[in-house]
Amino acid sequence: MIEIFICEDEKDQRRKLTNFIHDYINAEGYDMRISLATDNPQEILAYVEKHQPSGLYFIDIDLNTTINGLQMASKIREKDKDSFIVFVTTHVELMQYTFKHKLEALDFINKGEFKEMRKQIVENIDYVHSYQKLVNETLTFKIELNNRIITEELDNIMFFETSGNKHRVIMHAQNRQIEFYGSLNDIEKQVDAFYRCHRSFLVNKNNITEIDKTNRELIMKNGEICLVSSRAINKL
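Following UniProt numbering, the numbering of the sequence shown begins with 1 at its first residue and continues without gaps.
(1) Got a sec, what are the start and stop residues for the beta strand (DSSP E) Leu56 sits in?
(2) Could you check the C-alpha separation between Thr209 and Asp80 for me, to the nearest Å?
(3) With contact counted as at least three CB pairs below 8 Å, one residue from each stretch, are the stretch 123–131 and the stretch 177–188 in contact?
(4) In this structure, how does DSSP classify Lys11 when only helix, strand and coil are distinguished?
(5) Would you list, in sequence order, the uninterrupted alpha helix (DSSP H) runs of no fewer than 4 residues that lie entirely inside the stretch 97–168?
(6) Starting from the Cα of Glu161, find the closest Cα among Met220, Glu116, Ser54, Cys226 and give me that residue.
(7) Going straight from the alpha carbon of Glu224 to that of Arg231, what length do you get?
(8) Tell me whether Met1 sits in a helix, a strand or coil according to DSSP, three-state version.
(9) With a cut-off of 8 Å on the beta carbons, I'd call Lys221 and Met158 a contact; round off their distance for me.
(10) Which residue comes first and which comes last in the beta strand (DSSP E) that contains Ser83?
(11) Could you check where the beta strand (DSSP E) with Ser35 kicks off and where it finishes?
(12) Any idea what DSSP makes of Thr209, helix, strand or coil?
(13) Below 9 Å between beta carbons: does that hold for Ile25 and Ile59?
(14) Once you ignore the five residues that flank Ser229 on each side, which residues in its own chain have a CB closer than 6 Å to its CB?
(15) Count the other CB atoms within 10 Å of the CB of Ser83; is the residue buried (16 or more) or exposed (fewer)?
(16) Buried or exposed, going by whether 16 or more other CB atoms sit within 10 Å of the CB of His167?
(17) Grouping DSSP H, G and I as helix and E and B as strand, with all else coil, what is Glu224?
(18) Just how far apart, CA to CA, sit Asn68 and Ala193?
(19) Tell me which same chain residues have a C-beta within less than 8 Å of the C-beta of Thr18, skipping the five on either side of it?
(20) Is it right to say Phe201 is buried, meaning 16 or more other beta carbons lie within 10 angstroms of its own, or is it exposed?
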């Protein structure tokens, strides 16, 4: 889930931002929520320190507090390295300082008539939603089985193994095994972090804890054993 944070010292502007964003993400059915809307940057920084969220931040640069929006964004970036930061400000001329501080802002929204701001707000929310959806799809593996779609995180998959049943493959995950229709050749094209260690096995290199060269076996994080060929073992 993407958590949204709003830091704006003008009460009316903060209310408009909060209400509009809340209504929009609910209407679109996005997996997002507003976690904090405040005039106090320290509240958001404390939350980020404690929870380390995946966040989208709408920040006013001139906050009239002990730190400004640029300083706040810099502290956020230290903890939430993949954060999306959008500055909402009347000081567009300060854009150059975001490069100096390596803040990698997603956007600058010029604070003015709220009707004019809404288009940019929507564009940024849509972009973050689409980006996160793409990331999630590349980090998971989907299996179609008996009119169901089963999703497994790639990090939880130990290896794939050809089944004794023709044209079928067994997925060995952290806590389960699933047999489904497919081939190792097709799966290999979908999962970059996996290595064809044997004609019958496709292994997740990140989940190997031990390599037994004598028996040509790979010991996985969950204790399962994956076979490896004599040729492939030297490339691990």
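We put the CB at the ideal spot given by N, CA and C, even for glycine.
The relevant details are as follows:
(1) Numbered from its first residue, the sequence shown carries residue 56 at position 56. Taken as a continuous stretch (DSSP letters only), the beta strand (DSSP E) holding Leu56 covers 55–59.
(2) Within the sequence shown, the letter at position 209 stands for residue 209. Within the sequence shown, the letter at position 80 stands for residue 80. Cα to Cα, the separation comes out at about 29 Å.
(3) no
(4) Start at 1 with the first residue of the sequence shown, and residue 11 comes out as number 11. Looking at Lys11 - three-state DSSP - the assignment turns out to be helix.
(5) If we require 4 residues or more, the alpha helix (DSSP H) runs fully inside the stretch 97–168 come out as 114–138.
(6) Here residue 161 refers to the residue found at position 161 of the sequence shown. Among Met220, Glu116, Ser54, Cys226, the Cα nearest to that of Glu161 is on Cys226.
(7) Within the sequence shown, residue 224 is the residue found at index 224, counting from 1. Within the sequence shown, residue 231 is the residue found at index 231, counting from 1. Looking at the two C-alpha atoms, the distance is approximately 21 Å.
(8) On the sequence shown, residue 1 is found 1 positions in, with the first residue counted as 1. Met1 falls in the coil class under three-state DSSP.
(9) The count along the sequence shown starts at 1 and reaches residue 221 at position 221. The count along the sequence shown starts at 1 and reaches residue 158 at position 158. That belief holds up - the Cβ atoms of Lys221 and Met158 are roughly 7 Å apart, short of 8 Å.
(10) For the purposes of this step, residue 83 is identified with residue 83 of the sequence shown, where counting begins at 1. Where Ser83 is concerned, there is no enclosing beta strand (DSSP E), because DSSP gives it neither an H nor an E.
(11) Against the sequence shown, residue 35 aligns to sequence position 35. For Ser35, the uninterrupted beta strand (DSSP E) run begins and ends at 32–38, by DSSP.
(12) Along the sequence shown, read from residue 1 onward, the residue named residue 209 stands at position 209. Strand, per DSSP.
(13) Locating residue 25 in the sequence shown gives position 25, where the first residue counts as 1. Locating residue 59 in the sequence shown gives position 59, where the first residue counts as 1. Not in contact: Ile25 and Ile59 (Cβ atoms no closer than 9 Å).
(14) Here the question's residue 229 lines up with position 229 in the sequence shown. Only His198 meet the Cβ criterion.
(15) As a position in the sequence shown, residue 83 is number 83, starting the count at 1. By the neighbour-count rule (16 or more Cβ atoms within 10 Å), Ser83 is buried.
(16) For the purposes of this step, residue 167 is identified with residue 167 of the sequence shown, where counting begins at 1. Counting Cβ neighbours within 10 Å, His167 comes out exposed, since fewer than 16 surround it.
(17) Translated into positions along the sequence shown, residue 224 becomes position 224. The three-state reading of DSSP puts Glu224 in coil, since its state is none of H, G, I, E or B.
(18) Walking along the sequence shown from the start, residue 68 turns up at place 68. Walking along the sequence shown from the start, residue 193 turns up at place 193. Asn68 and Ala193: Cα-Cα distance of roughly 42 Å.
(19) Counting from one through the sequence shown, the residue named residue 18 turns up at place 18. Answer for Thr18: Ile6, Ile34, Ala37, listed in chain order.
(20) Mapped onto the sequence shown, residue 201 falls at position 201. Phe201 should be labelled buried.
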